[in-house]
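Step one of this worksheet: look at the structure below.
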Amino acid sequence: MAGNTEPLPPRAKLAVTAGRAAAAVSRVAGRGSGSVIGGKVSLRLDPDLLARLARHLDVILVSATNGKTTTTRLIAEALRASGPVVSNALGANMPAGITSALAGGSDARYGVIEVDEKYLAGVARDTTPKAIALLNLSRDQLDRAAETRMLAEKWREGLAGSKATVIANADDPLIVWAASSSPNVVWVAAGQEWKDDAWSCPSCGGVLQRPGDDWGCADCGFRRPRPTWALNGDYVLDPQGSAWPIHLQLPGRANKANAATSAAVAATFGVPPQVALERMYAVQAVAGRYDVVTFMDRQLRLLLAKNPAGWLETFSLIDPPPTPVILSVNARGADGTDTSWLWDVDYTRLAGHPIMVIGDRKLDLAVRLEVAGLDFRVCENADEAVRMAPPGRIEVIANYTAFQDLRRRVGN
Amino acid sequence: MSQNSLRLVWVYPDLLSTYGDQGNALVVERRARQRRLNVSRVDVRSDQQIPTSGDIYLIGGGEDRPQRLAAERLRRDGGLNRAVENGAIVFSVCAGYQILGHEFINDLGQREPGLGLLDVVSTRGEGERCVGDVLGDIDERLGLPPLTGFENHQGVTHLGPTARPFARVRLGKGNGTGDGTEGAWNDTVFGTYMHGPVLARNPQIADLLLKLALDVNALPPVDDRWYEALRNERMAAATQTA
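Dropping the structure here:
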């Protein structure tokens with residue numbers, strides 16, 4: 003087990019100190035938490051710093067297209083039952099942000115780390131994790147990201163020699179392809195509503211057959227592995243066949259799936275499912291997501307959805323009509339500059355809700371909703387959209403920078 | 002085909018529907034229904050036969066390996082070529098556009114035969130990927146307003162003598178040949194690199210496909226307010242970033 007038995011060498015200590023100083027300067031300058039710039043400074047002074055910091059920890063990596071920030075948080079909560087945890091809880095998930103987060107936790111036993119999909123193989127090499135949780139892979143920011151299947155292929159190559167226990171979603175064929183090169187995999191039937199990135203067999207290119215919850219390739223025999231953990235409605239089934247009820251404050255099926263995966267991760271460190279789940283119930287919101295904010299006498303629930311799979315899961319958790327819905331979409335650098343993905347989202351699921359549309363790309367949304375045959379109002383800003391709705395609950399769904407804009411406006 | 006029914010075929014969504022090009026099918030379907038046509042839309046997966054009796058066939062963009070798989074399966078199937086012989090209209094985007102030509106470079110770096118429905122040959126560009134908003138002028142014979150779209154590709158497509166450039170770009174790369182051409186068409190088969198999706202950005206192209214399929218010169222007008230607002234915004238944005 004890890005522990006702080008080995009002190010950091012002087013160069014690494016200097017790198018950590020310089021990184022903290024840079025972060026402080028950045029914070030004072032009002033440029034955010036400073037964790038990324040701090041990490042960059044540290045890594046410049048000591049390129050091996052991430053590996054050195056990780057050596058003192060039991061490292062758990064979490065990666066996915068969707069749900070990685072929330073799952074990182076749930077795993078961190080669960081493992082706190084067993085020892086202090088350091089985590090990049092705010093979602094700075096590239097090497098600089100990760101380094102910065104780990105540098106802040108010298109007393110920790112566990113490092114629970116969210117990793118951007120593109121960096122997983124490299125971070126896994128540097129940090130020698132004990133466990134890696136892989137949730138799902140689907141199309142996201144195609145104007146700048148690698149192709150989805152290529153990403154699965156890179157994960158597969160990167161994880162082939164890993165000694166980590168890989169906790170992976172048996173219901174996502176791309177995840178199964180990525181994980182099945184590892185010698186030690188715990189399969190979790192965590193579900194995946196979005197199926198449109200995995201109709202082709204990741205192994206041979208044949209057409210996958212998907213009867214019910216099962217899937218398999220008739221051409222090469224690549225198929226769904228038998229899971230040992232499962233999400234079943236509102237319960238987590240553990241390998242002994244016990245069913246543990248899930249009572250999260252976080253809404254939706256996807257978060258129950260995140261909890262099931264997190265329970266499986268916690269179990270590999272000896273934390274029983276019941277203990278792990280109870281600790282997860284304390285989580286109300288994650289980096290502002292799912293938060294309910296009172297604004298202009300309405301209760302706004304803030305929901306982040308960045309890609310078609312994310313929007314699909316979000317539609318399944320919102321309150322039914324006539325609850326009003328505000329949609330906000332931007333296409334700045336961090337969002338991806340191509341809005342074509344809006345057409346892969348099935349907006350007819352919003353039929354019956356009053357819909358207000360805002361954001362930099364409200365006109366793309368307007369055409370999308372017009373073609374879906376829905377009634378909607380295009381508004382100039384959040385205030386105008388909120389005013390359109392009567393007092394009460396409003397579901398607000400936004401992509402990445404639109405979500406940050408909203409948080410700033412509604413004071414969350 | 003009767004004057005008030007329309008059969009729309011969406012080709013291989015399991016392989017070629019990665020960049021929101023499904024929107025093209027949604028736009029054509031919606032605008033046909035707004036004209037009170039009986040529309041039947043068939044989504045044909047790559048393990049199913051391509052029906053030969055469709056009126057309009059739509060093919061989208063996809064990643065490199067699915068593109069090769071789609072070309073292999075479409076060649077083996079032969080249905081799309083028969084449909085074109087029967088007079089069907091085909092509208093293709095990006096990877097789908099390349100497949101309709103004589104050949105393209107596949108994910109293995111090899112020359113992959115296409116369907117030969119458009120007189121074009123595609124190779125892979127040496128430079129950076131073409132990514133961004135595009136503004137262009139559509140072939141004046143088609144009588145359409147300016148083209149707006151989003152491109153995201155590394156292809157270079159050369160036109161042969163029987164293919165006409167679909168448009169000339171004012172901003173953007175288009176066919177990537179450096180001569181300003183974008184896409185290609187002959188009388189019934191169209192190809193473009195434009196996503197967006199392109200028919201949501203250019204509903205008049207969707208109407209052109211409907212008119213060709215129905216063999217009519219005009220369609221009843223529909224409310225294009227939001228399309229027009231989006232077009233104006235995107236054309237202004239393309240001009241500003243250039």
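Just so you know, the protein sequences line up as chains U and H, in that order.
Residue numbering for the first sequence follows my numbering, starting at 3 and increasing by one per position.
Residue numbering for the second sequence follows my numbering, starting at 2 and increasing by one per position.
Cβ atoms here follow ideal geometry from the backbone N, Cα and C, with glycine treated the same way.
Since this is a predicted model, take the numbers as computed values, not measurements.
* **Minimum Cβ-Cβ distance from D1 of chain U to chain H less than 9 Å** => There is no way to answer for residue 1 of chain U, as the model of chain U reaches only from 3 to 414.
* CA-to-CA distance, D366 of chain U to L75 of chain H, given in whole angstroms -> In the second sequence, the residue the question calls residue 75 of chain H occupies position 74. In the first sequence, the residue the question calls residue 366 of chain U occupies position 364. Cα to Cα, L75 of chain H sits roughly 32 Å from D366 of chain U.
* Answer yes or no: do T72 of chain U and R379 of chain U have a C-beta to C-beta separation smaller than 9 Å? => If you number the first sequence from 1, residue 72 of chain U lands on position 70. If you number the first sequence from 1, residue 379 of chain U lands on position 377. Not a contact, by the Cβ cut-off of 9 Å.
* Would you decide whether N6 of chain U is buried or exposed? Buried here means 16 or more other CB atoms lie within 10 Å of its CB. => Your numbering for residue 6 of chain U matches position 4 in the first sequence. With a pLDDT of only 45 at N6 of chain U, under 50, the local geometry of the prediction cannot be trusted, and no value is derived from it.
* **Proximity below 9 Å, CB of A422 of chain U to CB of L252 of chain U** => Nothing in the structure corresponds to residue 422 of chain U, since chain U is present only between 3 and 414.
* Presumed contact (8 Å Cβ cut-off) between A185 of chain H and A164 of chain H, rounded CB distance -> Position 184 of the second sequence, counted from the start, is the residue given in the question as residue 185 of chain H. Position 163 of the second sequence, counted from the start, is the residue given in the question as residue 164 of chain H. A185 of chain H to A164 of chain H, Cβ: 4 Å. Contact.
* **is_contact[D15 of chain H, chain U] using C-beta, thresh 9 Å** => As a working mapping, residue 15 of chain H is identified with position 14 in the second sequence. By this cut-off, D15 of chain H is an interface position.
* Asked: Is there a Cβ from chain U that is less than 9 Å from the Cβ of E64 of chain H?
  -> Position 63 of the second sequence holds residue 64 of chain H. Yes, E64 of chain H lies at the interface with chain U (some Cβ there is under 9 Å from its Cβ).
* Asked: Should D48 of chain H and V209 of chain U be called a contact, given that it needs their Cβ atoms to be closer than 9 Å?
  -> The count along the second sequence starts at 1 and reaches residue 48 of chain H at position 47. The count along the first sequence starts at 1 and reaches residue 209 of chain U at position 207. One thing to note: D48 of chain H has its Cβ within 9 Å of the Cβ of V209 of chain U.
* Considering only residues of the same chain and omitting the five flanking positions on each side of P324 of chain U, which have a CB-CB separation below 8 Å? -> Here residue 324 of chain U refers to the residue found at position 322 of the first sequence. Closer than 8 Å at the Cβ level, and outside the excluded window around P324 of chain U, lie G354, H355 and P356.
* Name the one or two DSSP bridge partners that P114 of chain H has. => Numbered from its first residue, the second sequence carries residue 114 of chain H at position 113. H:E104.
* Asked: When you compare each of H:A207, H:G102, H:G173 and H:Q50 to G117 of chain H by their alpha carbons, which one comes out closest?
  -> The count along the second sequence starts at 1 and reaches residue 117 of chain H at position 116. Of H:A207, H:G102, H:G173 and H:Q50, the residue nearest in Cα terms is H:G102.
* Three-state secondary structure (DSSP) at V87 of chain U? -> Here the question's residue 87 of chain U lines up with position 85 in the first sequence. Three-state DSSP puts V87 of chain U in a strand.
* Asked: According to DSSP, is L2 of chain U helix, strand or coil?
  -> For residue 2 of chain U there is no data in the structure shown, the boundaries of chain U being 3 and 414.
* To do: Select from the region 40 to 64 of chain H all residues with a C-beta closer than 7 Å to any C-beta belonging to chain B, and list them in chain order.
  => Protein chains U and H are contained in the structure displayed, whereas chain B is not.
* Are the beta-carbon atoms belonging to A105 of chain U and G163 of chain U less than 9 Å from one another? -> Position 103 of the first sequence, counted from the first residue, corresponds to residue 105 of chain U. Position 161 of the first sequence, counted from the first residue, corresponds to residue 163 of chain U. Their beta carbons are not under 9 Å apart, which means A105 of chain U does not touch G163 of chain U by this criterion.
* If we count the other Cβ atoms within 10 Å of its Cβ and call it buried at 16 or more, is V121 of chain H buried or exposed? -> Residue numbering aside, residue 121 of chain H sits at position 120 when the second sequence is read from its first letter. Buried: at least 16 other Cβ atoms inside 10 Å.
* Of all the CB atoms in chain U, is at least one closer than 9 Å to the CB of Y98 of chain H? -> Looking up residue 98 of chain H in the second sequence gives position 97. Chain U, which has no Cβ nearer than 9 Å to the Cβ of Y98 of chain H, makes this no.
* Asked: Hey, G88 of chain H and T19 of chain H are a contact pair by Cβ (cut 8 Å); roughly how many whole angstroms apart?
  -> Here residue 88 of chain H is taken as the residue at index 87 of the second sequence, counted from 1. Here residue 19 of chain H is taken as the residue at index 18 of the second sequence, counted from 1. That pair is no contact at about 29 Å.
* **Close-in-space but distant-in-sequence residues of the same chain around R82 of chain U (CB under 6 Å, 5 per side omitted)** => Numbered from its first residue, the first sequence carries residue 82 of chain U at position 80. Residues of the same chain with a CB within less than 6 Å of the CB of R82 of chain U, apart from the 5 flanking positions on each side, do not exist.
* Asked: Below 8 Å, can you find three or more Cβ-Cβ pairs linking the region 284 to 298 of chain U to the region 262 to 273 of chain U?
  -> no
* Asked: Within 9 Å (strictly less), CB to CB, does D198 of chain U reach chain H?
  -> Walking along the first sequence from the start, residue 198 of chain U turns up at place 196. Yes, contact with chain H.
* To do: Could you spell out the range, first to last residue, of the alpha helix (DSSP H) harbouring I39 of chain U?
  => As a first step, residue 39 of chain U is located in the first sequence; it is residue number 37 there, counting from the start. It spans S37 to L47 - the alpha helix (DSSP H) in which I39 of chain U sits, taken as one unbroken run.
* State buried or exposed for M3 of chain U, treating a residue as buried only when at least 16 other CB atoms are found within 10 Å of its CB. => Looking up residue 3 of chain U in the first sequence gives position 1. Low per-residue confidence applies at M3 of chain U: pLDDT is 41, beneath 50, and the placement is therefore not dependable, though the value from the model is reported in the following sentence. Exposed.
* Asked: What does L376 of chain U touch in chain H if you count any residue whose Cβ is under 8 Å from its own?
  -> Your numbering for residue 376 of chain U matches position 374 in the first sequence. Near L376 of chain U there are no residues of chain H at all, since even the closest Cβ is about 11 Å away, more than 8 Å.
* Three-state class that DSSP yields for V373 of chain U in the structure shown -> In the first sequence, counting from the first residue as 1, residue 373 of chain U sits at position 371. In this structure, V373 of chain U counts as helix in the three-state DSSP scheme.
* M282 of chain U (DSSP reduced to helix, strand or coil) -> Position 280 of the first sequence holds residue 282 of chain U. Three-state DSSP puts M282 of chain U in a helix.
* For D56 of chain H and M2 of chain H, the rounded distance between their alpha carbons -> Here residue 2 of chain H refers to the residue found at position 1 when the second sequence is read from its first residue. Here residue 56 of chain H refers to the residue found at position 55 when the second sequence is read from its first residue. Residue confidence for M2 of chain H is low, a pLDDT of 49 falling below 50, so the modelled location carries little weight; the figure read from the coordinates is stated next. Each residue's alpha carbon lies about 8 Å from the other.
* Asked: Near D221 of chain U, what residues of its chain come up, given a Cβ to Cβ distance below 7 Å and the 5 sequence neighbours on each side ignored?
  -> Here residue 221 of chain U refers to the residue found at position 219 when the first sequence is read from its first residue. So the qualifying residues of the chain are C203, C206 and G208.
* Bridge partners - C131 of chain H, DSSP secondary structure assignment -> In the second sequence, counting from the first residue as 1, residue 131 of chain H sits at position 130. Under DSSP, C131 of chain H shares a beta bridge with H:H154.
* Asked: Short check: CB of I396 of chain U to CB of L279 of chain U, under 9 Å?
  -> Reading the first sequence from its first residue, position 394 is the one you call residue 396 of chain U. Reading the first sequence from its first residue, position 277 is the one you call residue 279 of chain U. It is not a contact, given that the beta carbons lie outside the stated cut-off.
* Taking C-alpha atoms, which residue in H:L209, H:R202, H:A219 and H:K212 lies nearest to N1 of chain H? -> The structure shown does not extend to residue 1 of chain H, since chain H spans only 2 to 243, so no value can be given for it.
* To do: For L365 of chain U, return the contacting residues in chain H, with the cut-off set at a CB-CB distance below 7 Å.
  => If you number the first sequence from 1, residue 365 of chain U lands on position 363. Among the residues of chain H, those whose CB is under 7 Å from the CB of L365 of chain U are W227, A230, L231 and E234, following chain order.
* May I have a chain-ordered list of the alpha helix (DSSP H) segments no shorter than 4 residues that lie completely inside the region 23 to 82 of chain H? => Listed in chain order, they are 23 to 35 and 65 to 78.
* Burial state of D68 of chain H, where buried means 16 or more other Cβ atoms lie within 10 Å -> One-based indexing of the second sequence puts residue 68 of chain H at position 67. In the sequence under discussion, the amino acid at residue 68 of chain H is Gln, which differs from the Asp named in the question. Classification for Q68 of chain H: buried.
* Assign P229 of chain U to buried or exposed, taking buried as 16 or more other Cβ atoms, counted over all protein chains shown, within 10 Å of its Cβ. => Counted from its first residue, the first sequence places residue 229 of chain U at position 227. Note on P229 of chain U: 16 or more other CB atoms within 10 angstroms of its CB, so buried under the neighbour-count rule.
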